[in-house]
Structure formats: C-alpha cells, structure tokens
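Chemist: Below is the structure I would like to discuss, written out as structure tokens.
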Amino acid sequence: MSTPFSLRLLLGLSLAFTSLYGQTHHIVGMAGARNVFRGSTIYVMLDHHWYDFTPIAPIQGSSRILAPGHKFTENSKVRIHSLGGSAPSIINPFRTYEVCDVEPNAFQVVPDSSSSCKDSYLRVQFTDSGSGAVKAGRDLGMHKSVYLSDNIEGVPPGVTVEAYCGNSPCPRSPKYPTYYYSYRGNSNFKFVIRASKAAPLGKVTLRLSLRIDDEAPIPPVEFTFNIREHQPAAEARTFVASTPQHPPPIPNLAKWETTMKTLAAKWCPPGLPVPTMSYGVESQVWYYDGAKVYFDIAEYTKDIRWKDCSAGLAKQYRAYVMKSNGAIPAWRAFAHGLRRTEALIGDPDGLALSALALNGKWRSQISVLTTEIRETAYYLMTVAEYERRTGIRLDALQRNADLLMGMFDQLFVSRTGASHQIWMDGLAARALIEYHSLTKDPRALTFVKLAADWIWSNGRVPGSAGLMTNAEPLGPDCDWGCQKPSTDLVQLVAPMFAWLYWQTGESVYQERGDVLFSEAVNTNISYSGKIFSQNYTWSVDYVRWRSLPPGSRVEP
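Position one of the sequence shown corresponds to residue 63 (the working numbering), numbered consecutively onward.
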C-alpha cells in the first residue's frame, strides 16, 4: 500500500513551519533524489515560499470549500495546508491548485493548469476534510529576502555540495558575508551534490542554515540521502548459451503495420497537399513529432511517398520553431523529425534543431521535481539529437540525464515524487536510452530497468488492457486518472521493454513487452492525429529492438 505523500514528507524530508507575520507563513521543505551512486551527481531543492493563508473547511465527499469572507478570485493559485492538524487526504501540500467557481463564502479547486478550470473532471473531490486548522494560501513567492549559510554541515570527504539560486551559482550576500543570497522574487535554492568514486558509502545528513532579512536564523533544515556503489554487472546479466539467437515473432505485428499505413493515409493522404497544421492545436498529427513518424513509416515500408508527408510536416514545424528562434514550450520540442528531414526541407545546416538545443526554454533549467519530468526528457532528447547532428556535446546532456535519473529515484526507489504519470515515465526512459546510446553510461540501464520493473508490478490495472494513467491511488499524489487504465498511451512505454531485452537478453522483458505492444495494437487510435503519432513516434523502435538478436550489439 502506498505511503501518503504528506507522511512521506515527514519521514523523508525536514519540514519546517517558521515565523508568522500576521497571517503570512513561511514554509520550507526539501525535494529531490535520495540516492547517489559513487562517481555521479544528484540535484535537490530547498522549497520555500510565503503564503497569505485564509481559514477554510473542505467538505467531505464534495468538491467545494467553505471559506467565509475569503479574497480569492477566479484562477487564483493556492496551496492548502493544515497547521497543527492533517491535510485532507486528497491534498498534496506541496502542490499548487487553481481556484474555480468563486462565491462569497465558497469555491472549488483544481490542479494547477492554464485551462484546468474548464475541465470539470479535474476538480478535486475531497475524501475527507482533514483535521485541525486547514488553510488555503496564495503563494506570495519570495516575500522577503532569504540567506543560506555557506557552512553546510555534515558533508563527508569525497562529497561536494554547490548551492544554486535558480539555475546559476548563488551570489554572496553583501550583508552577511558567510551567507548566500536569495533575493526577493528569485527561485528556490537548489543543490548540486557530487559524490566521488571514493566517497564513503551509507547515509548522509546535511544541515542547512537559513535566515530571513534582519531576523534571527530559523531552525536548520535537514536533508538525508544515501551514497551507493553502482554495480552494472548486476543489472546487465551475462548471456547464456540458451539465449535464442533469433527472437520469437512479435505478436500483432501485422495489425500494427496495417494500422500504421491506414491511419497514416487518413491524416496525410499520399499524393495530396500536406494538411496545414496549427501549432496551438495539439490534437493534430504534428504533435508527438509527426515529421519523424512519417519518415519512419517511409523507411519501414520502403515507400518513399510517405516522405512527402514527413517533409511537409517538418517544413511547417520548422517555421514554427524558427519564429521564436527555438524558444517554444518545452513539451513541444520534437528534435528527431527536424534532424531526419534536413535534406528534405532544405535545412542543410540544421538551424531549427540548433535553435531548439541552444535557445530552448529548458536549456538552463535545473528541474528537480517529478512534475517536470516530461520537459526534462524532451530537452535531453533535443541535445542528444544536436550532438548526433554536430558532434558537439552540450553540458545540458549530462545535467538532464542526471536530473531524470534523480526523478526515477524519487518515483521508483525513495517514493517521494510529487507527481507520477506512467506515460511520462516512458518519455523519460526513452530520453535515457538515447543518452545511453551516446555515453554508454551504465546507470541509464539501471534506471530504465527500475522503471520497467516497477511499472509492470504497479502500473497495470488487473483485468484490463493497458497501463494506468497515474499509478498512485486517489490521495495526495493523485486527484485524477488515479489507477485508471489508458490504452492509447502504452506505446510510449512498451519500447523500453524491447530495449531491455536487447540489452540484457532477459526473456522476461521480451514477454512483458509483447503483452504491452499487443494490447496497444488492439486499441482504437483512429480518432485523432495526435493519438496516431503518439502510438507510432517510438513503437517503430520496439519492432527494431525486438527483432535484433539479444546482445548482438551490446557494448562491453
């Protein structure tokens, strides 16, 4: 049974409720990976904000909150806490919610999203009302200046801890020379923790000292993590003589091929002009990298007509990227199609791909929270494609890989992640696999294997095809899609199983992958161009890896 997120915070983090300023509270907590292998890096974050709290009363079995005399407006962003009590079981105290349906003495909340107030199925249904003084607070950001002492206690030999403010090293405080300075309006403190190959194994507890403006220092915040020895030989098994040289047939492969050609023609009929795309409409076939999808279909079927669709979609997508010089939303960064179609669209210098890699909004992000796993994965894939295109390795390649492995640690090892959608696990695994292809970092195999094992054991709905949208039960970690099946997202996950089979030779990954692949092929995906691309953007790699003799190209 999953431990509630609020309890995991108290068990795994140091959570401090500090000075009161009238009704304004300063709340501090720590988030990030809990395990670091010798010779590698993890990232953690000290989360602190001020909240202007209003007493509320969530109504059990309802989506409404009583709040007499509140001052919230439609689309206000709030967090909900219980000071001196327990939060309602549906509420994650470190998650932001959006206020909807405002009345003088009541309102509703939904998970934060630019359009979530319009989506009734996202509205939080309270399973209980908690206990004690429950309050909703508007995030006031950095209400006052905060200082972090440079004397971080508990750092063992062989370990370094570097403080970042936002995405850059913290400046020194002119007022307090032994403190770093997080000025009002800046991002939270983040820490880069590097363990050398000689770092001592075992548990480490860091003590971080803070102070606020001219006030006395507040109680130290503690963060505990483990230093471990990585043993890749235990993850990549030795091949045995009984390993088949030729894998068994892929179930439902013929149907996968037929569906691919039928729906490809539906969304881009061969011989006709390529449909005009709108890049504010994510239900269209361009989303999930339609240019790559059609290029893959052309190569798989050896029918060059599909390259006309690939080129037409790539030209439109390139224009969209170049209009903002690559600074598009991170979840729309599709680098593979741009690289594959350079010759087709007359972009021999790869300017659009370079713009995504060098100017993308995620380039300098240090994203610790699992809520940003999708964006981190897409940017890692972007810089991997940039390296394949140019031979130039950007620092962001290693940083984003370390961040994703830290997120997998939160999701599958320490179980402290604040958000968990299984299809995003698939995107992250895909990014780590691409990172592995460039670096052969054995940790990538370790973490992809962790993800696959956990998803198979915990992410399937008994008696139902497909995978859960969100594997967490209804509660602080999930307020919609909780343990509900989704079959049209399976092909974003299944290929990691084929890759593990190819890498390790363990037949269990072939068997499990085939179950997922076959279930996905039986799903109706004809209703949306996006869903078609979603199912074929990575599944061609399932077929490729699954068809290779296991271990045929594994590096020593």
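Note that the Cβ used here is the ideal one computed from N, Cα and C, for glycine as well.
Quick check for students: name the residue ranges of the beta strand (DSSP E) that lie wholly in the stretch 385-432, counting only runs of 3 or more.
Modeler: Correct list: empty.
Chemist: Since H498 is in the alpha helix (DSSP H), which residue starts that stretch and which ends it?
Modeler: Looking at the DSSP string, the run of the alpha helix (DSSP H) that includes H498 is I484 to T501.
Chemist: With C-beta atoms as the reference, is L268 less than 7 Å away from I312?
Modeler: Against a cut-off of 7 Å, the Cβ pair of I312 and L268 comes out as no contact.
Chemist: Between the C-alpha atoms of M63 and S519, what's the straight-line distance to the nearest angstrom?
Modeler: Legend: pLDDT at M63 = 31, less than 50; position of this residue unreliable, no value from coordinates given.
Chemist: Expressed to the nearest angstrom, what Euclidean distance is found between the alpha-carbon atoms of A129 and R200?
Modeler: So the alpha carbons of these two residues sit roughly 14 Å apart.
Chemist: Find the nearest neighbour of A327 within the set L442, P310, D365 and V343, judged by alpha-carbon distance.
Modeler: If we check each option's Cα against that of A327, D365 comes out closest.
Chemist: Give the C-beta separation of Y105 and V223 to the nearest angstrom, bearing in mind that I take them to be a contact with Cβ-Cβ under 8 Å.
Modeler: Going by Cβ atoms, the distance from Y105 to V223 rounds to 11 Å, so no, they are not a contact pair.
Chemist: Quick one, are the C-beta atoms of L375 and A397 less than 7 Å apart?
Modeler: Going by C-beta atoms, L375 is not nearer than 7 Å to A397.
Chemist: Considering only the alpha carbon of each residue, which of I428, H498, K206 and I153 lies closest to H110?
Modeler: Measuring from the Cα of H110, the nearest candidate turns out to be K206.
Chemist: Tell me which same chain residues have a C-beta within less than 8 Å of the C-beta of L418, skipping the five on either side of it?
Modeler: Once the five neighbours on either side are set aside, the close Cβ partners of L418 are V383, G388, I390, A395, A397, L400, T444 and Y448.
Chemist: Between which residues of its own chain and R455 is the CB-CB distance below 6 Å, once the five residues before and five after are set aside?
Modeler: If we look at R455 and ignore the five residues flanking it on each side, its Cβ neighbours are E449.
Chemist: Going by the DSSP bridge assignment, what does V283 pair with across the sheet?
Modeler: Answer is L270, bridged to V283.
Chemist: Counting only C-beta atoms, is P236 closer than 7 Å to chain D at any point?
Modeler: Protein chains in the displayed structure number just one, and chain D is not present.
Chemist: Quick one: residues in its chain with C-beta nearer than 8 Å to the C-beta of T135, no 5 flanking neighbours on either side, listed in chain order?
Modeler: The residues are V161 and V164.
Chemist: Helix or strand or just coil, what does DSSP make of A560?
Modeler: The answer is helix: DSSP assigns A560 an H, G or I state.
Chemist: Note down the Cα distance separating V343 from A195, rounded to an integer number of angstroms.
Modeler: Between V343 and A195, the C-alpha separation is close to 43 Å.
Chemist: Based on the DSSP secondary-structure assignment, which residues constitute the bridge partners of S580?
Modeler: Paired residue(s): none; S580 is not in a bridge.
Chemist: Quick check on the DSSP output: the beta strand (DSSP E) that includes T116 runs from which residue to which?
Modeler: Note, T116: beta strand (DSSP E), S102 to P117.
Chemist: Where does D201 sit, in a helix, a strand or coil, going by DSSP?
Modeler: In this structure, D201 counts as strand in the three-state DSSP scheme.
Chemist: Helix, strand or coil for P262? Go by DSSP, reduced to three states.
Modeler: Here P262 sits in coil by DSSP.
Chemist: Whose C-beta lies closer than 8 Å to the C-beta of F347 among residues of the same chain, with five residues either side of it excluded?
Modeler: Checking the sequence, you will find Val at residue 347 rather than Phe. Cβ within range, chain order: W329, C330, P337, M339, V355, L375, G591, K592, F594 and S595.
Chemist: Quick check on this structure: which residue in K317, R608, L466 and T566 has the alpha carbon closest to the alpha carbon of A556?
Modeler: If we check each option's Cα against that of A556, R608 comes out closest.
Chemist: For the candidate residues Y589, Y238 and G613, whose alpha-carbon lies nearest to that of S569?
Modeler: Per the Cα distances, G613.
Chemist: What is the DSSP secondary structure of G537, reduced to helix, strand or coil?
Modeler: Strand, per DSSP.
Chemist: Between the alpha carbons of T508 and T103, how many angstroms are there, rounded?
Modeler: Roughly 15 Å separates the two Cα atoms.
Chemist: Whole angstroms are fine: how far does the CA of A225 sit from the CA of T321?
Modeler: Straight-line Cα distance between these residues: approximately 51 Å.
Chemist: So, are the CB atoms of Y209 and S235 less than 7 Å apart?
Modeler: Taking 7 Å as the Cβ cut-off, Y209 and S235 qualify as a contacting pair.
Chemist: Assess, as a yes-or-no matter, whether the stretch 574-590 is touched by the stretch 547-566 under the definition of 3 or more beta carbon pairs within less than 8 Å.
Modeler: Taking 8 Å as the limit for Cβ pairs, the verdict is that the stretch 574-590 does touch the stretch 547-566.
Chemist: Drop a sphere of 10 angstroms on the beta-carbon of A298, count the other beta-carbons inside from all chains shown, and report buried for 16 or more, exposed for fewer.
Modeler: Unreliable positioning characterises A298 in this predicted model, as indicated by a pLDDT of 44, which lies under 50. The coordinate reading is nonetheless provided below. Buried, because 16 or more other Cβ atoms sit within 10 Å of the Cβ of A298.
Chemist: Name the residue from E404, T116, Q427 and P120 whose alpha carbon lies nearest to the alpha carbon of Y379.
Modeler: Checked all of E404, T116, Q427 and P120; the closest Cα to Y379 is E404.
Chemist: Could you pull out every residue in the same chain whose Cβ sits closer than 7 Å to the Cβ of Y362, ignoring the five residues on either side in sequence?
Modeler: Excluding residues within five positions, the ones whose Cβ falls inside 7 Å are V602.
Chemist: Where do the ends of the alpha helix (DSSP H) carrying D358 lie?
Modeler: Start and end: G352 to T363.
Chemist: In angstroms with no decimal places, state the Cα-to-Cα distance between D541 and E496.
Modeler: Distance between the alpha carbons of D541 and E496 is about 32 Å.
Chemist: Go ahead and pull the three-state DSSP assignment for T300.
Modeler: Because the pLDDT of T300 is 43, which lies under 50, any placement of that residue in the model is unreliable, and the number read from its coordinates should be weighed accordingly. Note: T300 maps to coil in three-state DSSP.
Chemist: Cα separation between T566 and I517?
Modeler: Answer to the nearest angstrom: the Cα atoms are 18 Å apart.
Chemist: Kindly indicate which three-state DSSP category R96 falls into: helix, strand or coil?
Modeler: Reduced to three states, the DSSP call for R96 is coil.
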